[in-house]
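Chemist: Its first residue numbered 5, the sequence shown is counted upward by one per residue in this note's numbering.
Structure incoming, see below.
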Amino acid sequence: MKAEEHISAASKQDAGARAGIPAQNLADAARQGAAARRNERLALIALAGMALGWGYNWVIMKSVLSYVGPFDFSALRTLFGAVLLLAVLAVLRKPMRIRAWPRVALLGVLQTGAFSALIQVALLHGGAGKTSILVYTMPFWVIPMAWVAFGERIRGLQWLALALAAAGLVLILEPWTLHADFLSELLAVIAGLCWALATIVAKWIKRDHPMDALPLTAWQMLFGALALCLVAWFVPERPIDPAPYFYGALFYNAVIATALAWYLWLFALQHLSAGVAGMSALGVPVVGVLAGWLQLGEQPGGMELAGMVLIAVALVVISLRSMGKRS
Numbered sequence: 005m006k007a008e009e010h011i012s013a014a015s016k017q018d019a020g021a022r023a024g025i026p027a028q029n030l031a032d033a034a035r036q037g038a039a040a041r042r043n044e045r046l047a048l049i050a051l052a053g054m055a056l057g058w059g060y061n062w063v064i065m066k067s068v069l070s071y072v073g074p075f076d077f078s079a080l081r082t083l084f085g086a087v088l089l090l091a092v093l094a095v096l097r098k099p100m101r102i103r104a105w106p107r108v109a110l111l112g113v114l115q116t117g118a119f120s121a122l123i124q125v126a127l128l129h130g131g132a133g134k135t136s137i138l139v140y141t142m143p144f145w146v147i148p149m150a151w152v153a154f155g156e157r158i159r160g161l162q163w164l165a166l167a168l169a170a171a172g173l174v175l176i177l178e179p180w181t182l183h184a185d186f187l188s189e190l191l192a193v194i195a196g197l198c199w200a201l202a203t204i205v206a207k208w209i210k211r212d213h214p215m216d217a218l219p220l221t222a223w224q225m226l227f228g229a230l231a232l233c234l235v236a237w238f239v240p241e242r243p244i245d246p247a248p249y250f251y252g253a254l255f256y257n258a259v260i261a262t263a264l265a266w267y268l269w270l271f272a273l274q275h276l277s278a279g280v281a282g283m284s285a286l287g288v289p290v291v292g293v294l295a296g297w298l299q300l301g302e303q304p305g306g307m308e309l310a311g312m313v314l315i316a317v318a319l320v321v322i323s324l325r326s327m328g329k330r331s
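Right, dumping it as structure tokens:
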């Protein structure tokens, strides 16, 4: 494969020379293309790591509510995550200055503040697996938003993947049955909408003010965490039970599920289209449902299992479409 790429590159240089294009320009373009393909591969790996970290975290976020209120925990985990990322920036001596402060603040309020609070409250009365599935109605919001905002039209296999994922979510949600936890489900869907809006804001920032993913993640998280701290200050909740599980859950959320996972998500958004990133992120609720089943006994029925299979197939389809587009 490397030999073929070398021959192809040499052929392009010969053709460019015949066309009067300087060889240095062709070499620079080839290096830029190789870097872009490498970043896209890394973005897909980042999405896989994010799916595992976030997927299992639904069980942790559900279980920790026995020790702390939802707003207090949301504020603590995001604040610690933001401080951790800012410390990493300082240690690595990375530039901390960013542009487009209003957009970054909006991103933080939507992605870190509203999203984190809504899912934590939804988990009070909803199951971990079911809540994760409802939150991941996000792609159904982000794909038309990206179409309107950036002209990212839905083409080819994306339509098939979208249809399979929609069918899978319908089978998991079973909308033809009545649910007692309607408010919990509604909050989970609104959380998905907030995440979709945040995804569009992140792409908006990238288009007009390109910046590294790490400082962007840190600063938007700090803005969202400060908003959550204000909410936690004014909303009375149960006292925190300083049990070992609480500290373990806080560590997991601050380091893995908040700081690291949000960085992986924003890195993926910088190198993939919003639609592809949104559809690929559907792997998170599959992990969440399986983890809830194994650890919390939230055993899905036949319909839910069929839905998970359809979502898995949709992920394969969208991945194949993405790889085909790059080749």
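All residues carry an ideal CB built from backbone N, CA and C; glycine is no exception.
Because the structure is a prediction, the values reported are computed rather than measured.
#1: So what's Asp212 in DSSP terms, helix, strand or just coil?
#2: So what's Ala231 in DSSP terms, helix, strand or just coil?
#3: Is it buried or exposed, Leu113, if we count other Cβ atoms within 10 angstroms and call 16 or more buried?
#4: Does Ser188 pass the burial test, meaning 16 or more other C-beta atoms within 10 Å, or should it be called exposed?
#5: Using 9 Å as the threshold, is the C-beta distance between Trp62 and Gly296 below it?
#6: Once the 5 residues before and after Gln299 are set aside, which same chain residues still bring their CB inside 6 Å of it?
#7: Return the residue from the list Gly172, Leu90, Gly73 that minimises the CA-CA distance to Ala126.
#8: Give me, in chain order, the residues of the same chain whose beta-carbon lies closer than 7 Å to that of Phe271; leave out the 5 immediate sequence neighbours on both sides.
#9: So, under 8 Å CB-CB, Cys198 and Ala79 are touching, yes? Tell me the CB distance rounded to an integer number of Å.
#10: Quick one: grab the DSSP three-state call for Arg45.
#11: Quick one: residues in its chain with C-beta nearer than 6 Å to the C-beta of Ile204, no 5 flanking neighbours on either side, listed in chain order?
#12: In terms of residues, what are the limits of the alpha helix (DSSP H) holding Arg107?
#13: Does DSSP put Thr141 in a helix, a strand or coil?
#14: Kindly indicate which three-state DSSP category Val259 falls into: helix, strand or coil?
#15: One question on the structure: do His275 and Asn43 come within less than 9 Å of each other, judged by their Cβ atoms?
#16: From Leu309 to Lys98, what does the alpha carbon distance come to, in whole angstroms?
#17: Please look up how many angstroms separate the CB atoms of Thr221 and Arg81, rounded, as I've assumed it's under 8 Å.
#18: Secondary structure at Met100, three-state DSSP: helix, strand or coil?
#19: Take Ala247 and list the residues in its own chain whose beta-carbon comes closer than 6 Å to its own, dropping the five residues that flank it on each side.
#20: Going along the chain, which residues of its own chain have a beta-carbon closer than 7 Å to the beta-carbon of Glu8, five neighbours each way excluded?
#21: How far does the alpha helix (DSSP H) with Val87 in it extend, from its first residue to its last?
#22: Quick one, are the C-beta atoms of Ala206 and Gly85 less than 9 Å apart?
#23: Give the C-beta separation of Ala38 and Ile209 to the nearest angstrom, bearing in mind that I take them to be a contact with Cβ-Cβ under 8 Å.
#24: Please tell me whether Gly57 and Ala265 are closer than 9 Å, where the distance is taken between their beta carbons.
#25: Measure the C-alpha to C-alpha separation of Trp163 and Gly59 and round it to an integer number of angstroms.
#26: For Ala169, tell me which candidate among Phe227, Val320, Leu314 has the shortest Cα-Cα distance.
#27: Hey, quick one: how far does the alpha helix (DSSP H) through Ala247 stretch, first residue to last?
#28: Could you tell me the distance, in whole angstroms, from the CA atom of Gly53 to the CA atom of Leu273?
#29: Counting only the same chain and skipping the five closest in sequence on each side, list residues whose C-beta sits under 8 Å from that of Leu122.
#30: The alpha helix (DSSP H) with Gly162 in it runs from where to where?
Modeler: The relevant details are as follows:
#1: For this step, residue 212 is matched to residue 208 along the sequence shown. Note: Asp212 maps to helix in three-state DSSP.
#2: Numbered from its first residue, the sequence shown carries residue 231 at position 227. Three-state DSSP puts Ala231 in a helix.
#3: Position 109 of the sequence shown holds residue 113. Inspection of the sequence shows that residue 113 is occupied by Val rather than by Leu. So Val113 counts as buried.
#4: Translated into positions along the sequence shown, residue 188 becomes position 184. Buried is the call here.
#5: Here residue 62 corresponds to residue number 58 of the sequence shown, with the count starting at 1. Here residue 296 corresponds to residue number 292 of the sequence shown, with the count starting at 1. Yes.
#6: Translated into positions along the sequence shown, residue 299 becomes position 295. So the list reads Val63, once near-sequence residues are dropped.
#7: As a first step, residue 126 is located in the sequence shown; it is residue number 122 there, counting from the start. The shortest C-alpha separation from Ala126 is found at Gly73.
#8: The count along the sequence shown starts at 1 and reaches residue 271 at position 267. Here the set comprises Ala47, Ala50, Ala217.
#9: Taking the first residue of the sequence shown as position 1, residue 198 is located at position 194. Taking the first residue of the sequence shown as position 1, residue 79 is located at position 75. Rounded, the Cβ-Cβ distance is 17 Å, inconsistent with contact.
#10: Start at 1 with the first residue of the sequence shown, and residue 45 comes out as number 41. Three-state result, Arg45: helix.
#11: Indexing the sequence shown from 1 puts residue 204 at position 200. Result list for Ile204: Met149, Ala153, in chain order.
#12: In the sequence shown, residue 107 corresponds to position 103, counting from 1. Here the alpha helix (DSSP H) through Arg107 covers 105 to 112.
#13: Position 137 of the sequence shown holds residue 141. Of the three classes helix, strand and coil, the one that applies to Thr141 here is coil, per DSSP.
#14: On the sequence shown, position 255 is the one that residue 259 refers to. In this structure, Val259 counts as helix in the three-state DSSP scheme.
#15: As a working note, residue 275 is residue 271 in the sequence shown. As a working note, residue 43 is residue 39 in the sequence shown. Yes, Cβ-Cβ distance for His275 and Asn43 is below 9 Å.
#16: For the purposes of this step, residue 309 is taken as the residue at position 305 of the sequence shown. For the purposes of this step, residue 98 is taken as the residue at position 94 of the sequence shown. C-alpha separation (whole angstroms): 45 Å.
#17: The sequence position of residue 221 within the sequence shown is 217, counting from 1. The sequence position of residue 81 within the sequence shown is 77, counting from 1. Not confirmed; about 14 Å, so no contact.
#18: Against the sequence shown, residue 100 aligns to sequence position 96. The answer is coil: DSSP assigns Met100 none of H, G, I, E or B.
#19: Working through the sequence shown from its first residue, we reach residue 247 at position 243. Tyr71.
#20: As a first step, residue 8 is located in the sequence shown; it is residue number 4 there, counting from the start. Reliability fails at Glu8, whose pLDDT of 47 lies under 50, so the model's placement of it is uncertain and the value that follows must be treated cautiously. Shown here for Glu8: not one same chain residue has a beta carbon closer than 7 Å to its own, the five before and five after excluded.
#21: By one-based count along the sequence shown, residue 87 stands at place 83. Val87 -> alpha helix (DSSP H) spans 74 to 95.
#22: Residue numbering aside, residue 206 sits at position 202 when the sequence shown is read from its first letter. Residue numbering aside, residue 85 sits at position 81 when the sequence shown is read from its first letter. It is not a contact, given that the beta carbons lie outside the stated cut-off.
#23: Along the sequence shown, one-based indexing puts residue 38 at 34. Along the sequence shown, one-based indexing puts residue 209 at 205. Actually they do not touch by this definition, with Cβ atoms about 26 Å apart.
#24: As a working mapping, residue 57 is identified with position 53 in the sequence shown. As a working mapping, residue 265 is identified with position 261 in the sequence shown. Yes, these two residues count as a Cβ contact at 9 Å.
#25: Start at 1 with the first residue of the sequence shown, and residue 163 comes out as number 159. Start at 1 with the first residue of the sequence shown, and residue 59 comes out as number 55. Approximately 25 Å, taken between the alpha carbons.
#26: Counting from 1 along the sequence shown, the entry for residue 169 is found at position 165. That would be Leu314, whose Cα lies nearest to the Cα of Ala169.
#27: On the sequence shown, position 243 is the one that residue 247 refers to. That residue, Ala247, is in no alpha helix (DSSP H); it is neither H nor E in DSSP.
#28: Here residue 53 refers to the residue found at position 49 of the sequence shown. Here residue 273 refers to the residue found at position 269 of the sequence shown. The straight-line gap from Cα to Cα measures roughly 14 Å.
#29: Numbered from its first residue, the sequence shown carries residue 122 at position 118. Within the same chain, Leu122 has close Cβ partners Leu191, Ala192, Ile194, Ala195, Cys198.
#30: For the purposes of this step, residue 162 is identified with residue 158 of the sequence shown, where counting begins at 1. According to the sequence shown, residue 162 is Gln rather than Gly. 161 to 177 is the extent of the alpha helix (DSSP H) around Gln162.
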